[in-house]
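First up is the structure itself, then whatever we jot down about it.
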Amino acid sequence: MTKTEPGPDLETRKSAFRISKDPLVVLGLVILVIGIVLTAYGLIPLQTANYQQIASGPVPITDAAGNFITDPSAYYQAHYNGTGSLDTVDCSPSVNGYICYGFQFIGTSTTFNQSAREYGFGLMVVGVLGIYGGNRLEPLKPRPKHERPITIRIDEDICVANGVCVGLAPTVFQLKKQETPSIFAPLAYVIDPYGADNDSIIQAAEMCPTGAIIIEDAETGERIHPPLPDY
Ligand code: SF4
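If you're matching positions, the sequence shown starts at 0 in numbering that gives the first Met the number 0 and goes up one per residue.
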């Protein structure tokens with residue numbers, strides 16, 4: 000009698016793999032997608048205009064005619080008499096009006112959003128860990144209170160591979176796949192002991208014609224199915 004493990008061949012293992020709907024996995028997927036988008040944004044080259052400051056000076060609150068100056072940048076640019084082109088002006092309020100700073104365009108440079116890349120990569124790592132952790136921890140999650148923790152084994156010596164259990168509980172049982180033709184039929188194995196509720200699993204075990212599915216209480220080891228003979 001052997002304890003069932005996932006099938007031995009890679010294809011079988013792949014078919015047994017599934018992304019669970021565990022909240023941690025879903026959250027991990029969302030975080031992973033955000034991380035990918037953020038990282039992709041961080042890889043886009045950005046053209047940045049560079050300026051150097053070439054002048055600064057005060058701008059009064061009112062002009063010579065006593066009108067309030069509503070656009071100090073334009074005023075400063077209009078009255079600028081220095082050398083070099085004032086490509087942009089930045090003004091801020093001061094005690095007697097404004098202080099303006101003039102800048103000259105000196106070219107563009109290519110930059111990348113480093114923060115987006117770093118945050119994006121970090122989120123991708125967190126997302127992958129969430130997906131991995133959610134899948135790994137799902138079988139360890141406490142079962143519903145009404146569910147008795149069970150272990151499922153298949154006696155490969157008496158399994159006749161007719162697939163009844165697979166038909167009744169395909170999320171729990173599957174038949175091993177064969178890489179090469181064999182005179183031996185593919186035996187059943189357990190892909191996910193938590194793939195269905197206990198009643199469905201026990202029902203599938205009861206329908207096994209040879210009694211090859213053995214179910215025991217995971218904590219006490221008590222036989223649940225098939226019943227032990229009375230001596
Ligand atoms: S029902 Fe029983 S005999 Fe048939 S495949 Fe499943 S374990 Fe094997």
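Built from N, CA and C at the ideal position, the CB exists for glycine as well.
{"query": "On the three-state DSSP scale, how would you describe VAL127?", "result": "helix"}
{"query": "Please report the residue range of the alpha helix (DSSP H) in which THR209 lies.", "result": "From DSSP, THR209 is part of no alpha helix (DSSP H); its letter is neither H nor E."}
{"query": "Buried or exposed for TYR75, going by 16 or more other Cβ atoms inside 10 Å?", "result": "buried"}
{"query": "Within its chain, find whatever has a CB closer than 6 Å to the CB of ILE53; leave out the 5 residues flanking it on each side and keep chain order.", "result": "GLY83, GLY101 and GLN103"}
{"query": "With a threshold of 6 Å on Cβ separation, who are the neighbours of ALA235 within its own chain once the five nearest residues in sequence on each side are excluded?", "result": "No answer is possible for residue 235: the residues shown for the chain start at 0 and end at 230."}
{"query": "May I ask you to report which of helix, strand or coil DSSP gives TYR100?", "result": "strand"}
{"query": "Quick check on LEU23: buried or exposed, where buried means 16 or more other Cβ atoms within 10 Å of its Cβ?", "result": "buried"}
{"query": "Check LEU45 in the structure and name its three-state DSSP category.", "result": "strand"}
{"query": "Span of the beta strand (DSSP E) holding PRO92?", "result": "87-93"}
{"query": "Return the residue from the list ILE35, ILE60, THR61 and SER108 that minimises the CA-CA distance to GLN46.", "result": "SER108"}
{"query": "From VAL159 to PRO228, what distance separates their C-alpha atoms?", "result": "22 Å"}
{"query": "If you draw a straight line from the alpha carbon of ASP86 to that of PRO59, how long is it in whole angstroms?", "result": "21 Å"}
{"query": "Taking the straight line between their C-alpha atoms, what separation do you get for CYS99 and TYR79?", "result": "11 Å"}
{"query": "If you compare alpha carbons, which of ILE43, LEU174, ARG152 and GLN51 is closest to PHE111?", "result": "ILE43"}
{"query": "From which residue to which residue does the alpha helix (DSSP H) around GLN76 run?", "result": "71-77"}
{"query": "Could you say which of PRO185, LEU186, PRO57 and ILE149 lies nearest to ILE213 if we only look at CA atoms?", "result": "ILE149"}
{"query": "Check whether the Cβ atoms of LEU37 and LEU122 lie closer than 9 Å to each other.", "result": "yes"}
{"query": "Reducing DSSP to helix, strand and coil, say where LEU174 ends up.", "result": "strand"}
{"query": "Check whether the Cβ atoms of TYR40 and GLY129 sit closer than 9 Å, and answer yes or no.", "result": "no"}
{"query": "Please identify the residue among ASP156, GLU117 and PHE67 whose C-alpha is closest to the C-alpha of TYR97.", "result": "PHE67"}
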